[in-house]
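See below for the structure under consideration.
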Amino acid sequence: MSKKHSDYIIKRNQNNYEVIIGLEVHAQVSSESKLFSSSATKFGAEPNTQVSLVDAAFPGMLPVINEFCIKQAVKTGLGLKAKINKRSIFDRKNYFYADLPQGYQISQYKDPIVGEGSVILDLPSGEKIIGIERLHLEQDAGKSIHDIDPQNTLVDLNRSGVALMEIVSKPDLRSPDEVNAYIKKLRSIMRYLGTCDGNMQEGSLRADVNVSVRKKGEEKLGTRCEIKNVNSIKFMQMAIEYEANRQVDLIEEGASIDQETRLFDTKKNETRSMRSKEDAHDYRYFPDPDLLPLMISDDLINDIKKNIPELPDEKKKRFIDKFNLSAYEANILVSDIETSKYFEEVIKNSDVKLSTNWITGELFALLNDKNLEISKSPISAKNLSKLINLIKDGTISGKIAKSVFEIMAEKDLNPIEIVEKKGLKQLSDPKEIELLIDKVINDNPDKVNEYKSGKDKLFGFFVGQAMKASSGKANPQLINDILKKKLK
Amino acid sequence: MSNILDFTLVDLVERIKKKDLSSKEITKTYIERSEKSKKLNTYITEDFESALKKADNFDSKPDFNKKLPGIPIAVKDLFCTKNVRTTAGSKILENFIPTYESTVTNNIWNEGGILLGKLNCDEFAMGSSNETSFFGNVQSPVGEKLVPGGSSGGSASALAAKLTPSTIGTDTGGSIRQPASFTGIVGLKPTYGSCSRYGIVAFASSLDQAGPMTRDVKDCALLFSVISSYDNKDSTSINFKRDDYFKKLNKSIKGKKIGIPKEYRVDGMPKEIEDLWQKGINIAKDAGAEILDVSLPNTNYALPTYYIVAPAEASSNLARYDGVKYGFRSEGENLIDMYEKTRSEGFGNEVKRRIMIGTYVLSSGYYDAYYLKAQKVRRLIKNDFDEVYKKVDAILTPSTPSSAFKIGEKTNDPVSMYLNDIFTVPINLAGLPAISIPAGHDQKGYPLGLQIIGKAFDEQNILNIAYSLEQEIKFKNKMNDWWI
């Protein structure tokens, strides 16, 4: 673990408190069908239209593992640089609820499919390594809907049996900002791998947040509370802030913290007790006798390994080493797989430095302005690449490029055509420029005299006049060179 | 034809193929006798009308290449049958009609079999006397007020009373072999993984196996070759090449090594059973088999182990009967209240007892002492068999420690009821195949059975040994149709 510590400290009276956070992230496996049945998993389908006899737990129905989900979990494990357990066990977690048709959830308890791994966070203070405790596969439950019918609870089983990966971190996180960075990095890795779309609005990624506090310098961990099922980074951060402060207040009052499960009320911005340790369910875990131990061969692991794409950390390193990008620029370009794809498409045929500037500058501003993902960018990578080449080879100036970019943003047109149609080509013929300059000099004899008698600042005036005379199209370098010669 | 009822399954198949008999004639004959035998209470659901239609259909377009061409069969009500009510002997599924078919029954229909109806059984197959069924006791054709055994009691009774030419049951701890022994029929519990569990109402998943119940060993081999199949809908189904057990049936057992486990000589075992066992040993010896004394040292722990593992799995398997999705519901003030009422009213006492035992042994603080330890002992029991099978090809034991008892005799003493399964339970724990064949009668004239236990997937071998013994034993059922 990195020795760098976050400076997120809660101060009370004379005491400084450190906040210790661990996350259990539930990530929906990207898969056409469910973990133990062939039902579809599409988001937003009509209620109870993606439910098989297995999902609804009819008598005599048996689970059959979906091999693709296993591969996805292994792939994710490899992406987290984690140990893949060649033998893992599916257990039953027993509890009654209306949206849990079997009366138990098939999960993994003592023998998960993936063991210890790690995730590197890129923080303003530098890199920090967050330990991964384990990753296991489990079924999602259905959905109970309490607010449609005043008398009854309605149950939608579309989600029942959908494959989830529960990714458990070590208690290595120290601030809401680190949690933000951790979730984003985890999501980025899974999106690179194609194992989870990371869509928090659709519930593909949610987390249980474990929070405890301790006086800075203490070794022993404080009593933790678990905040269940938080479904956005913002809410996670708010919940942690509230919960950490609540715990500090309790300690300062001399009270003790009860280990319990809490709920985050997003409207009131507070956490509330759901159930205490004493009331905790006894889930009566035991190995599911309908399923054999899951054995994964080295061949399968190696096959998956071969197909792991370059991940953000490696990509970042390559961008820095090969393209001379700063760590900051590289981070921005690799954090989202779509951005990195766009970038790599542009630089196939264009200058890296200019491409980096244009993507992180003009393009990001445009996307931000229009609230668009880069995958929906109004300007294709191909056309941006062409625009950058026009600048690079001197066909247009940077300034003209910006106005071409604006036209492209409206309609994804080929910049070469725009430049031609609008006659925006840079004037690069020295003879023509010389004519323009001669005219400026002839029109301003006074200024020429002043310049020659030592008023160097006037040079800019001549450049400006010449540029104006060319309607902005003259090559500025040529103007400079020729002017210098003429005014000697 | 009056002798239709006397034909074995194999006889009927031959006669249908020779066109001596039609499916309709056979089906009608069994339906008529079933109609006259309601006193036995073997059927939970009759499907007679539909059976006659199917028989007509078969006769109009017969396919004699099938293994069970136009043959009617009633099955235990634990097998889900498409569009035919399936209750598992429970109130909680009293009106449940599946939209799907179990793989085992589907195999039978694919080979030309015709469903007669669904046979009574202990509730969720939990019982050894068919007294726990929500649909009432089954009487044994062996004698009035006598239990047929359980849990496949309706199947055993219907078969012994000739209400169906053959049948299928399920065996979790002896539920095929014990009733087979009590009613003088043949019952096979196959190797775990041989018959698909898909569509069978689950009791204890790691122990449940479906199997044939028939009049003789040849019938058993035929029906077993129909129902055993690899099924990718059951993750515990084993994919191996299945022989035609019927065609390969062979009564020569010369040179076969048969083990006699000393631990099965339990205290207080009736002399009649001792004698029966010795008779079996002598017959096997005379037929050329080599008899060896063997030891299965952990046999004593089998029953307690079983009564931890089976209820544990059952407590979880039965959680789905909660009144939410299908089956019986008793309305409540809220969700918890509805659960409590539904499950209190929907389940019978034996089922509730086992759910409580199972819940207890899995709960935190007790898991290691009970469930985990039981799993370890289970492994030791299996190791015992593995050791013995280095020396012998099969093991011969009595099927049960006693003959059939009276209805009500053991209902207030669950432990003495559980002791009935003492010889059958170890086999389920070890996942092995075992067959019970009728071998004689006690002084009261009640049938007694012998059990032949095989190596995993060695059904052919125990069928052959059973076939050989059967020739010499020449068992005759002593029934007098008292119920008609």
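Taken in order, these protein sequences are the chains called V and L.
Numbering-wise (the numbering used here), the first sequence opens with residue 149 and increments by one.
Numbering-wise (the numbering used here), the second sequence opens with residue 715 and increments by one.
Ideal placement from N, C-alpha and C gives every residue a C-beta, glycine not left out.
Alpha-carbon to alpha-carbon, residue j and residue i
i	j	result
E746/L	W823/L	22 angstroms
Q992/L	K1066/L	40 angstroms
L302/V	G883/L	38 angstroms
N1014/L	V915/L	29 angstroms
P783/L	V212/V	33 angstroms
Y330/V	L269/V	6 angstroms
P578/V	I527/V	34 angstroms
I1141/L	R354/V	46 angstroms
K1104/L	Q1174/L	18 angstroms
M1052/L	S1058/L	10 angstroms
M149/V	I278/V	Any answer about M149/V is weak, because its pLDDT of 41 lies below 50 and its placement is not dependable; what the coordinates show is given next. When rounded, the distance between both Cα atoms is 7 angstroms.
D734/L	E728/L	9 angstroms
I974/L	W1196/L	38 angstroms
V359/V	D406/V	12 angstroms
E815/L	S943/L	15 angstroms
D1000/L	P1152/L	19 angstroms
Contact under 7 angstroms by Cβ, residue i with residue j
i	j	result
P441/V	I237/V	yes
S965/L	L719/L	In the sequence on display, residue 965/L carries Lys and not Ser. No, Cβ-Cβ distance for K965/L and L719/L is not below 7 angstroms.
K332/V	Y165/V	no
V940/L	K781/L	yes
I581/V	A549/V	no
A246/V	S178/V	no
L1164/L	S1117/L	no
E314/V	H284/V	yes
E400/V	R160/V	yes
A769/L	S748/L	no
A765/L	I806/L	no
Q923/L	D885/L	yes
A1108/L	I1176/L	yes
F553/V	E510/V	yes
Cβ neighbour criterion (16 or more within 10 Å) applied to residue i
i	result
D777/L	exposed
A1083/L	exposed
Y1085/L	buried
K151/V	Since pLDDT at K151/V reaches only 44, below the 50 mark, its modelled position is unreliable, and the value read off the structure follows with that caveat. By the neighbour-count rule (16 or more Cβ atoms within 10 Å), K151/V is not buried but exposed.
Y1020/L	buried
D109/V	Outside the modelled stretch of chain V, which goes from 149 to 636, sits residue 109/V, for which no answer is possible.
D791/L	buried
F954/L	exposed
N851/L	buried
M715/L	Because M715/L carries a pLDDT of 44, less than 50, the predicted location of this residue cannot be relied on, and the following value inherits that uncertainty. It is exposed - the Cβ of M715/L has fewer than 16 other Cβ atoms within 10 Å.
Nearest candidate by alpha-carbon position, reference residue i, set the options
i	options	result
D438/V	S920/L, N1048/L, Y1081/L	S920/L
K547/V	E565/V, K530/V, K573/V, Y599/V	K573/V
D289/V	T343/V, E558/V, V199/V, E366/V	The displayed chain sequence assigns Ala, not Asp, to residue 289/V. When only C-alpha atoms are compared, the closest one is V199/V.
C217/V	K182/V, M209/V, A205/V	K182/V
A1144/L	M1052/L, N1031/L, G888/L, S1117/L	G888/L
I280/V	I169/V, L575/V, K605/V	I169/V
D413/V	F191/V, I375/V, H294/V	I375/V
F917/L	S865/L, M1131/L, S949/L, T928/L	S865/L
K229/V	Y252/V, R282/V, N597/V	R282/V
E477/V	K470/V, K489/V, I485/V, K464/V	K464/V
D933/L	P879/L, T743/L, S737/L, Y1160/L	P879/L
N328/V	G370/V, V173/V, T409/V, Q407/V	V173/V
K947/L	M209/V, E194/V, Q253/V	M209/V
S185/V	A1016/L, G1168/L, S949/L	S949/L
N657/V	V500/V, T419/V, D356/V, V494/V	One cannot answer for residue 657/V here, as it falls past the ends of chain V, which runs 149 to 636.
S445/V	P207/V, K600/V, R235/V	R235/V
Distance cut-off 6 angstroms: residue i Cβ against heavy atoms of the ligand MN
i	result
D958/L	For the structure depicted, the ligand MN is absent and the ligand set is empty, with no information on it obtainable.
Integer-rounded CB distance, given that residue j should sit under 8 angstroms from residue i
i	j	result
L723/L	L937/L	7 angstroms
R1034/L	P249/V	6 angstroms
I758/L	L833/L	7 angstroms
Y744/L	P786/L	5 angstroms
P324/V	E389/V	6 angstroms
T756/L	S842/L	No, T756/L and S842/L are not in contact; Cβ-Cβ is about 17 angstroms, not under 8 angstroms.
Discussion item. Closer than 7 angstroms between beta carbons: that is the criterion. Which residues of the segment 239-251 of chain V meet it against chain A?
Written reply: Checking the listed chains, one finds no chain A in this structure; the protein chains it contains are V and L.
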